[in-house]
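I have placed the structure first, in the form of C-alpha coordinates, so that the comments after it can refer back to it.
Numbering (the working numbering), first residue to last: 52 to 184.
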(Lines of atoms letter the chains of each structure in order from A; the text may use other names.)
(Lines give C-alpha, C1' and ligand atoms only; values in the text may rest on other atoms or scores of the structure.)
Protein backbone atom coordinates (compact mmCIF):
# COMPACT_ATOMS: atom_id res chain seq x y z
CA UNK A 52 0.00 0.00 0.00
CA UNK A 53 2.77 2.45 0.86
CA UNK A 54 6.54 2.36 0.73
CA UNK A 55 8.41 2.85 4.01
CA UNK A 56 10.35 6.06 4.39
CA UNK A 57 14.09 5.95 4.80
CA UNK A 58 15.24 6.05 8.42
CA UNK A 59 16.18 9.74 8.23
CA UNK A 60 12.72 10.69 6.98
CA UNK A 61 11.14 8.74 9.83
CA UNK A 62 13.40 10.61 12.27
CA UNK A 63 12.28 13.93 10.76
CA UNK A 64 8.65 12.95 11.32
CA UNK A 65 9.47 12.07 14.91
CA UNK A 66 11.08 15.48 15.38
CA UNK A 67 7.94 17.17 14.03
CA UNK A 68 5.89 15.15 16.48
CA UNK A 69 8.00 16.21 19.43
CA UNK A 70 8.57 19.84 18.48
CA UNK A 71 5.58 20.63 16.28
CA UNK A 72 2.85 20.86 18.87
CA UNK A 73 5.09 22.71 21.31
CA UNK A 74 5.97 25.34 18.71
CA UNK A 75 2.32 25.79 17.79
CA UNK A 76 1.26 26.34 21.39
CA UNK A 77 4.14 28.66 22.34
CA UNK A 78 4.04 30.80 19.22
CA UNK A 79 3.33 34.52 19.30
CA UNK A 80 -0.24 35.45 18.27
CA UNK A 81 -0.65 35.14 14.52
CA UNK A 82 -1.28 38.09 12.26
CA UNK A 83 -4.18 36.11 10.82
CA UNK A 84 -5.95 34.83 13.91
CA UNK A 85 -9.01 33.45 12.02
CA UNK A 86 -6.78 31.03 10.09
CA UNK A 87 -5.42 29.66 13.36
CA UNK A 88 -8.68 29.68 15.32
CA UNK A 89 -8.87 25.91 14.93
CA UNK A 90 -6.09 25.57 17.54
CA UNK A 91 -8.63 26.12 20.33
CA UNK A 92 -10.56 23.06 19.14
CA UNK A 93 -7.76 20.54 18.58
CA UNK A 94 -5.35 18.65 20.81
CA UNK A 95 -2.57 16.14 20.54
CA UNK A 96 -3.89 12.58 20.52
CA UNK A 97 -7.24 13.41 18.93
CA UNK A 98 -8.54 11.53 15.90
CA UNK A 99 -7.00 12.82 12.68
CA UNK A 100 -10.41 12.82 11.00
CA UNK A 101 -11.67 15.41 13.50
CA UNK A 102 -8.43 17.43 13.44
CA UNK A 103 -8.61 17.57 9.64
CA UNK A 104 -12.24 18.75 9.73
CA UNK A 105 -11.37 21.61 12.13
CA UNK A 106 -8.35 22.68 10.07
CA UNK A 107 -10.32 22.67 6.83
CA UNK A 108 -13.25 24.52 8.43
CA UNK A 109 -10.74 27.30 9.23
CA UNK A 110 -9.96 27.63 5.51
CA UNK A 111 -6.83 25.47 5.22
CA UNK A 112 -6.51 23.14 2.23
CA UNK A 113 -4.36 20.09 1.75
CA UNK A 114 -1.19 20.49 -0.26
CA UNK A 115 0.83 17.33 0.10
CA UNK A 116 3.44 15.75 -2.11
CA UNK A 117 2.38 15.87 -5.78
CA UNK A 118 4.16 12.52 -6.20
CA UNK A 119 2.11 10.98 -3.37
CA UNK A 120 0.86 8.04 -5.42
CA UNK A 121 4.42 6.87 -6.06
CA UNK A 122 4.76 5.82 -2.44
CA UNK A 123 1.12 5.50 -1.34
CA UNK A 124 -2.09 4.17 -2.84
CA UNK A 125 -3.68 6.44 -5.45
CA UNK A 126 -7.02 6.20 -3.63
CA UNK A 127 -5.45 7.40 -0.38
CA UNK A 128 -3.74 10.32 -2.13
CA UNK A 129 -7.08 11.29 -3.70
CA UNK A 130 -8.79 11.26 -0.30
CA UNK A 131 -6.00 13.06 1.57
CA UNK A 132 -4.62 15.85 -0.63
CA UNK A 133 -2.51 16.91 2.34
CA UNK A 134 -0.55 13.63 2.56
CA UNK A 135 3.21 14.10 2.17
CA UNK A 136 4.53 10.73 3.22
CA UNK A 137 4.17 7.83 5.63
CA UNK A 138 6.68 5.52 7.26
CA UNK A 139 6.31 1.77 7.68
CA UNK A 140 5.67 2.20 11.41
CA UNK A 141 2.51 4.30 10.83
CA UNK A 142 3.88 7.84 11.18
CA UNK A 143 2.57 10.21 8.47
CA UNK A 144 3.16 13.87 7.68
CA UNK A 145 0.43 16.17 6.35
CA UNK A 146 0.76 19.67 4.87
CA UNK A 147 -1.91 22.38 4.65
CA UNK A 148 -1.87 25.88 3.16
CA UNK A 149 -4.12 28.88 3.77
CA UNK A 150 -4.68 31.77 1.34
CA UNK A 151 -4.12 34.34 4.11
CA UNK A 152 -1.06 32.69 5.69
CA UNK A 153 2.59 32.88 4.71
CA UNK A 154 3.42 29.76 6.73
CA UNK A 155 2.37 26.21 5.96
CA UNK A 156 0.78 24.00 8.59
CA UNK A 157 2.39 20.59 9.09
CA UNK A 158 0.80 17.84 11.14
CA UNK A 159 2.16 14.46 12.17
CA UNK A 160 -0.13 11.48 12.67
CA UNK A 161 0.35 7.95 13.90
CA UNK A 162 -1.72 4.89 13.10
CA UNK A 163 -3.02 2.84 10.20
CA UNK A 164 -3.63 5.62 7.69
CA UNK A 165 -5.79 3.32 5.57
CA UNK A 166 -8.36 3.40 8.40
CA UNK A 167 -8.37 7.18 8.88
CA UNK A 168 -12.09 7.62 8.13
CA UNK A 169 -13.69 4.38 9.33
CA UNK A 170 -16.51 4.81 11.84
CA UNK A 171 -15.63 3.81 15.36
CA UNK A 172 -11.97 3.53 14.46
CA UNK A 173 -11.04 7.18 13.89
CA UNK A 174 -8.72 7.26 16.89
CA UNK A 175 -6.59 4.60 15.15
CA UNK A 176 -5.03 7.55 13.32
CA UNK A 177 -4.19 10.14 15.95
CA UNK A 178 -2.55 13.55 15.74
CA UNK A 179 0.92 13.48 17.30
CA UNK A 180 1.69 17.17 16.81
CA UNK A 181 1.53 20.16 14.49
CA UNK A 182 3.42 23.35 13.75
CA UNK A 183 4.07 26.09 11.21
CA UNK A 184 6.97 26.49 8.80
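Virtual Cβ for every residue (Gly too), placed ideally from N, Cα, C.
Going by DSSP, residue 127 is part of no beta strand (DSSP E) but of the alpha helix (DSSP H) stretching over 125-130. Residue 133 sits buried, since 16 or more C-beta atoms from the chains shown fall within 10 Å of its C-beta. Within the model, the alpha-carbon separation for residue 151 versus residue 83 is close to 7 Å. In terms of Cα proximity to residue 107, the closest of 119, 165, 137, 156 is 156. Note that the segment 88-108 does not touch the segment 122-129; fewer than 3 beta-carbon pairs, one per stretch, sit closer than 8 Å. Per DSSP, the continuous alpha helix (DSSP H) segment holding residue 108 begins and ends at 99-108. Linking residue 169 to residue 98 through their CA atoms gives a straight-line distance of about 11 Å. Leaving aside the five residues that flank residue 86 on each side, the residues in its chain whose CB is nearer than 8 Å to its CB run, in chain order, 109, 110, 111, 149, 151, 152. With contacts defined by Cβ atoms closer than 9 Å, residue 179 and residue 142 form a contacting pair. The residue among 182, 163, 183 with its C-alpha nearest the C-alpha of residue 139 is 163. Residue pairing by DSSP places residue 111 opposite no residue, since no beta bridge is assigned to it.
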